[in-house]
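One structure is given below, encoded as structure tokens.
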Amino acid sequence: MEKQKPLPVEAKLIFKKTLTPDVVELHYESEPEFPFQPGQFISILVAGKGPGGRDLRRAYSIASAPELTRAGRSVFELCVKLVENGPGTQYLNGMQIGEKLKGIAPYGDFVFKPKAGRNAIFVATGTGIAPFRAMVFSKIFAENTPPSTVLLFGARNQSDLLYTDELRAALGNQGLVQALSRPEGDWSGFKGRVTDWLRENDTKIAWAETEFYLCGNGAMIDEVKQILSGKGVEKTSIHQEVYYKPKPGETHAN
Ligand SMILES: Cc1cc2nc3c(=O)[nH]c(=O)nc-3n(C[C@H](O)[C@H](O)[C@H](O)COP(=O)(O)OP(=O)(O)OC[C@H]3O[C@@H](n4cnc5c(N)ncnc54)[C@H](O)[C@@H]3O)c2cc1C
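If you're matching positions, the sequence shown starts at 0 in numbering that gives the first Met the number 0 and goes up one per residue.
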């Protein structure tokens, strides 16, 4: 698919929803409409919030499929984790309905790349699920659905789960694996981190026949890549988007 040149975009906030105690979903109507591939991101201007009042830019994956329109309008969605004292997330979370942001889009090579006959395992922590939601509900995915797809989502506990119903409807019970490192009360799903799930399912995963897409916390991505390297997975079958590097001592689901 041809790569689109990033262009300046203005986007009006039309809807805001709280998904978890610290994640919000934001819907924007964009002017002009901009084509993008599922998995790409928008770079958003955070005016005057940098050192010395300089402008900042922050990247956010588009969490909706390129084909999404509402009432004939071009709409895109973001899924944003609220970071304490984070200028980017404070700006986005503080936006009022009708307010416009300025950005440049689309950016990024972390896109769904159909490969005939190859399975897909999407691994996400936290809001790293955003590009996978765009992929799973896209036309390109519907037209090139892998023989087997698993979306492996890692979080701390039940209150951090995102998009469960819609992803389960799209991928089936086997296709959505939610790995909770510290589940509360009764939890019939997987207990542990995404890396534990990969290790425990060693014999069930067709390592050599699968494309791996990894998104979120850099510590998770590094650890998954070590596992994949140990399994002899080719580098060309590993696709990644690192949202941030963890602080010293931090793991990927603490
Ligand atoms: C290509 C790309 C796409 C991204 N897409 C998304 C997205 O769809 N949704 C999203 O929430 N974030 C996303 N991010 C992260 C985002 O760009 C910002 O870094 C984040 O929102 C924090 O910005 P801030 O200015 O509020 O805080 P900052 O002061 O810049 O960040 C403070 C610290 O917060 C931590 N942090 C940053 N992002 C996260 C996160 N997502 N979860 C937990 N801790 C974090 C890091 O330790 C970081 O050093 C993406 C990053 C990249 C590079």
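Just so it is clear, CB atoms sit at the ideal spot from N, CA and C, and this is done for glycine as well.
Discussion item. Can you check whether the C-beta of residue 249 is within less than 9 Å of a C-beta belonging to chain C?
Written reply: Annotation note: the requested chain C is absent from the structure, which comprises a single protein chain.
Practice prompt. With residue 141 as the anchor, note down where its beta strand (DSSP E) starts and where it stops.
Written response: Per DSSP, residue 141 belongs to no beta strand (DSSP E); it is in the alpha helix (DSSP H), 138 to 142.
Item to complete: For residue 54, count neighbouring Cβ atoms within 10 angstroms of its own Cβ and tell me buried if that reaches 16, exposed if not.
Response: Within a 10 Å sphere around the beta-carbon of residue 54 sit fewer than 16 other beta-carbons, which makes this residue exposed.
Worksheet item: So what does DSSP say about residue 216, is it helix, strand or coil?
Response: Three-state DSSP puts residue 216 in a strand.
Discussion item. Taking the alpha-carbon of residue 89 as reference, which of 114, 56, 168, 121 has the nearest alpha-carbon?
Written reply: Comparing Cα positions, the closest option is 56.
Discussion item. So, under 8 Å CB-CB, residue 150 and residue 175 are touching, yes? Tell me the CB distance rounded to an integer number of Å.
Written reply: Beta-carbon to beta-carbon, residue 150 and residue 175 are separated by about 5 Å, close enough to satisfy the 8 Å threshold.
Worksheet item: Is DSSP giving residue 207 helix, strand or coil here?
Response: When secondary structure is reduced to three states using DSSP, residue 207 falls in the helix class.
Worksheet item: Leaving out the 5 sequence neighbours to the left and right, which residues in its chain are closer than 8 Å to residue 169 when beta-carbon positions are compared?
Response: If you ignore the 5 residues before and after residue 169, its C-beta comes within less than 8 Å of the C-beta of 135, 136, all in its own chain and listed in chain order.
Fill in: When 206, 111, 124 are compared against residue 191, the one with the closest alpha-carbon
Selected option, being the one with the closest Cα: 124.
Worksheet item: In terms of residue numbering, what span does the beta strand (DSSP E) encompassing residue 193 cover?
Response: That residue, residue 193, is in no beta strand (DSSP E); its alpha helix (DSSP H) goes 193 to 199.
Worksheet item: When burial is assigned at 16 or more other CB atoms within 10 Å of the CB, is residue 216 buried or exposed?
Response: Burial call: buried.
Practice prompt. Compare the beta carbon distance of residue 209 and residue 120 with 9 Å and say whether it is the shorter of the two.
Written response: Contact: yes.
Discussion item. Using a 10 Å radius around the Cβ and a threshold of 16 neighbouring Cβ atoms, would you call residue 68 buried or exposed?
Written reply: Label assigned to residue 68: exposed.
Worksheet item: Ordered along the chain, which non-local residues of its own chain (more than five positions away) have a Cβ less than 6 Å from that of residue 222?
Response: Cβ neighbours of residue 222 beyond the five flanking positions: 194.
Worksheet entry | Rounded C-alpha distance that separates residue 187 from residue 237 | For residue 187 and residue 237, the gap between their C-alpha atoms comes out near 30 Å.
Worksheet item: Can the beta-carbon of residue 111 be found closer than 9 Å to that of residue 27?
Response: For residue 111 and residue 27, no; Cβs fall outside 9 Å.
Worksheet item: How long is the line joining the alpha carbons of residue 85 and residue 189, rounded to whole angstroms?
Response: Take the alpha-carbon of residue 85 and the one of residue 189: they are about 31 Å apart.
Practice prompt. Whole angstroms is fine: what's the gap from residue 180's alpha carbon to residue 64's?
Written response: In a straight line, the C-alpha of residue 180 is about 29 Å away from that of residue 64.
Worksheet item: What residues in its chain sit with their C-beta under 7 Å from that of residue 250, if we drop five residues either side in the sequence?
Response: The beta carbon of residue 250 is closer than 7 Å to those of 218 in its chain, skipping five residues each way along the sequence.
Worksheet entry | Residue(s) in a DSSP beta bridge with residue 28 | BP columns for residue 28 point to 11, 74.
Worksheet item: Using the rule of at least 16 other Cβ atoms within 10 Å of the residue's Cβ for burial, across every protein chain shown, is residue 37 buried or exposed?
Response: Buried: at least 16 other Cβ atoms inside 10 Å.
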